[in-house]
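Participant: Counting in the numbering used here, the sequence shown runs from 3 upward without gaps.
For every residue, glycine included, the Cβ atom is placed at its ideal position computed from N, Cα and C.
Pasting a structure here, questions to come.
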Amino acid sequence: MQTSVAIKDLAIEFGAVKVIEKLDLNVGRGEFVVLLGPSGCGKSTLLNAIAGLIDIVDGEVWISDKNVTWSEPKDRGIGMVFQSYALYPQMSVRQNLSFGLKVAGLPREETERRVGKAASMLQLEALLDRKPSELSGGQRQRVAIGRALVRNVDVFLFDEPLSNLDAKLRNELRVEIKRLHQELGNTMIYVTHDQIEALTLADRIAVMRKGVIEQFATPHEIYHRPANTFIAGFIGSPTMNFLKGALERTGDTLTFIGTAEARFDVSSHANIASHAGKPVILGIRPEHMVLGPATDTRMHAGKATVKVVEPMGADTVVWVDFGGDLRGMRIAGDPTVAPGDTVDFHFPPERVSFFEAENGVRI
Ligand SMILES: Nc1ncnc2c1ncn2[C@@H]1O[C@H](COP(=O)(O)OP(=O)(O)OP(=O)(O)O)[C@@H](O)[C@H]1O
Ligand SMILES: [Mg+2]
3 MQTSVAIKDL AIEFGAVKVI EKLDLNVGRG EFVVLLGPSG CGKSTLLNAI
53 AGLIDIVDGE VWISDKNVTW SEPKDRGIGM VFQSYALYPQ MSVRQNLSFG
103 LKVAGLPREE TERRVGKAAS MLQLEALLDR KPSELSGGQR QRVAIGRALV
153 RNVDVFLFDE PLSNLDAKLR NELRVEIKRL HQELGNTMIY VTHDQIEALT
203 LADRIAVMRK GVIEQFATPH EIYHRPANTF IAGFIGSPTM NFLKGALERT
253 GDTLTFIGTA EARFDVSSHA NIASHAGKPV ILGIRPEHMV LGPATDTRMH
303 AGKATVKVVE PMGADTVVWV DFGGDLRGMR IAGDPTVAPG DTVDFHFPPE
353 RVSFFEAENG VRI
């Protein structure tokens, strides 16, 4: 894959605070990369550094094979969309879309062609003569996207563009952004703290914590093989169940011994054999837990007490007390269980993640 955006050895400080130290990131041409992480981890800072909106202390930024580290934002070949739409309130949608092109001195015909195309792609045609105050939040955000679109740039940068919208609009516009990317095929770097946006939109997700990219991989890899307990806990809802325990070997049998009744034969997990005798964390996602007794001897199985039942429409989250803590189980449909019931559960060994207890790193 050709590189579209490359960050090398990036360092950013605000006064005495080092927000990013020695960060590297390579984004492929046409790739949709999501920067995901909790509030304050440095996502916007990284995006602003790519856009040229903040000064960097060290490192280089390359866009489309040009070193743009010291270039003005307008010369970087990027279009940016922010959470706050930042539209000109006194201008119509059409004027908002064309203003930047006019200032850049683009011929009128070409300006009109681009505005027309963006309006059609974003379903804004009927709204072109309205003022921003006469638009819904979703429509305003589409105008903001359109304003980046008309610039015909190689790289789009989005900073939480959907977080001011209500849940339904957010879902709709998310699909539109994905469709737009499929249609345009240009590079997109998209900041969010919403794991669903990350999983649904990204070709690759960069999960950030405290200014560091902890894993950069496909949504599938991040979901199924999270690099550590932080990432495992950040992705997935409800969050992954973590059971603390130790691995004990007796002859050929390796047993996971957790708190209270948590005890599984984990001999089939070849990759953890070297951790026998050590403390580990067993991770299993709520959607991989199954109600009912084990269907075959490969399964890890146990009994638990139901505490809370949360119907979610398509499925139900059943919270059980197991191993001395509340654990979530996502069950399809409407299981007939009630608080106080004792239930059997099981889960397949291939769905389990193991982590070192000491530092949370995946085994
Ligand atoms: N101009 C600034 N001056 C001082 N500190 C700053 C400045 N901008 C950001 N920071 C600090 O840098 C860190 C990263 O901020 P950043 O805005 O990149 O986080 P973020 O991941 O985008 O978070 P959020 O999800 O809340 O938008 C934070 O600790 C923040 O307080
Ligand atoms: Mg931010």
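F266: which of M314, F324, S276 and Q217 sits nearest, CA to CA?
Facilitator: Closest option to F266, Cα to Cα, is F324.
Participant: Under a Cβ-count criterion, where at least 16 other Cβ atoms within 10 Å of its own Cβ denotes burial, should D161 be classed as buried or exposed?
Facilitator: Per the 10 Å Cβ criterion, buried.
Participant: Grouping DSSP H, G and I as helix and E and B as strand, with all else coil, what is Q92?
Facilitator: Q92: coil per DSSP, three-state reduction.
Participant: Let me know if E289 comes out buried or exposed under the rule of 16 or more other beta-carbons within 10 Å of its beta-carbon.
Facilitator: So E289 counts as buried.
Participant: Check this for me: beta carbons of G39 and K45, under 7 Å apart or not?
Facilitator: Yes, the pair counts as a contact, with Cβ atoms nearer than the cut-off.
Participant: Check whether the Cβ of K45 lies closer than 6 Å to any heavy atom of ligand 1, and answer yes or no.
Facilitator: Yes - ligand 1 has a heavy atom lying nearer than 6 Å to the Cβ of K45.
Participant: So the candidates are G238, A340 and V354; which of them puts its Cα closest to the Cα of R300?
Facilitator: Ranking G238, A340 and V354 by Cα distance to R300 puts V354 first.
Participant: When the distance is taken between beta carbons, is A208 closer than 7 Å to L37?
Facilitator: Yes. Within cutoff.
Participant: Where do the N-terminal and C-terminal ends of the alpha helix (DSSP H) with A375 fall, by residue?
Facilitator: The structure shown does not extend to residue 375, since the chain spans only 3 to 365, so no value can be given for it.
Participant: Let me check one thing: in DSSP terms, what residues is H348 bridge-paired to?
Facilitator: BP columns for H348 point to V292 and A303.
Participant: Is the beta carbon of K180 less than 7 Å from the beta carbon of L203?
Facilitator: Closer than 7 Å, so yes.
Participant: Examine ligand 1 and report whether any of its heavy atoms sits within less than 6 Å of the Cβ of V21.
Facilitator: Answer for V21: yes, Cβ within range of ligand 1.
Participant: Given a threshold of 16 other Cβ atoms within 10 Å of its Cβ, counted over all protein chains shown, does H222 qualify as buried or as exposed?
Facilitator: Flag for H222 reads exposed.
Participant: Checking 7 Å against the spacing of the C-beta atoms, do K20 and D11 come in under that value?
Facilitator: Taking 7 Å as the Cβ cut-off, K20 and D11 do not qualify as a contacting pair.
Participant: Assign P134 to one of two classes, buried (16 or more other C-beta atoms within 10 Å of its C-beta) or exposed (fewer than that).
Facilitator: Buried: at least 16 other Cβ atoms inside 10 Å.
Participant: Check the C-beta distance from I52 over to I191 and give it rounded, since I have them as a contact under 8 Å.
Facilitator: That pair is a contact at about 7 Å.
Participant: With which residues is T194 paired in a DSSP beta bridge?
Facilitator: Its beta-bridge partners are L38.
Participant: In the DSSP assignment, find the alpha helix (DSSP H) that holds M123 and state where it starts and stops.
Facilitator: Here the alpha helix (DSSP H) through M123 covers R110 to M123.
Participant: Between the alpha carbons of I268 and I9, how many angstroms are there, rounded?
Facilitator: Before going further, note that residue 268 is Val rather than Ile in the sequence given. Taking the straight line from one Cα to the other gives about 42 Å.
Participant: For D310, count neighbouring C-beta atoms within 10 Å of its own C-beta (all shown protein chains included) and say buried if the count is 16 or more, exposed if not.
Facilitator: According to the sequence shown, residue 310 is Val rather than Asp. V310 comes out exposed.
Participant: Just how far apart, CA to CA, sit Q92 and L137?
Facilitator: Roughly 13 Å separates the two Cα atoms.
Participant: The beta strand (DSSP E) with G30 in it runs from where to where?
Facilitator: Its beta strand (DSSP E) spans residues V19 to G30.
Participant: Let me check understanding here. Comparing Cα to Cα, which of D343, M82 and H195 lies closest to C2?
Facilitator: Only positions 3 to 365 of the chain appear in this structure, which leaves residue 2 out of reach.
Participant: Would you report the Cα separation of N188 and R332, rounded to the nearest angstrom?
Facilitator: Approximately 37 Å between the Cα atoms of the pair.
Participant: Please report the residue range of the alpha helix (DSSP H) in which N173 lies.
Facilitator: Taken as a continuous stretch (DSSP letters only), the alpha helix (DSSP H) holding N173 covers A169 to L186.
Participant: So, is E33 buried or exposed, given that buried needs 16 or more other C-beta atoms within 10 angstroms?
Facilitator: Under this definition E33 is a buried residue.
Participant: Hey, quick one: how far does the beta strand (DSSP E) through E15 stretch, first residue to last?
Facilitator: Run containing E15: T5 to F16, per the beta strand (DSSP E) assignment.
Participant: Taking only beta-carbon atoms, is G42 less than 7 Å away from chain B?
Facilitator: Of the protein chains in the structure, only one exists, and it is not chain B.
Participant: Roughly how many angstroms lie between the CA atoms of P163 and V193, to the nearest whole one?
Facilitator: Answer to the nearest angstrom: the Cα atoms are 8 Å apart.
Participant: Can you name, in chain order, every residue of its own chain whose Cβ lies under 8 Å from the Cβ of L2, other than the five neighbours on each side?
Facilitator: This structure gives no information on residue 2, because the portion of the chain shown stretches from 3 to 365.
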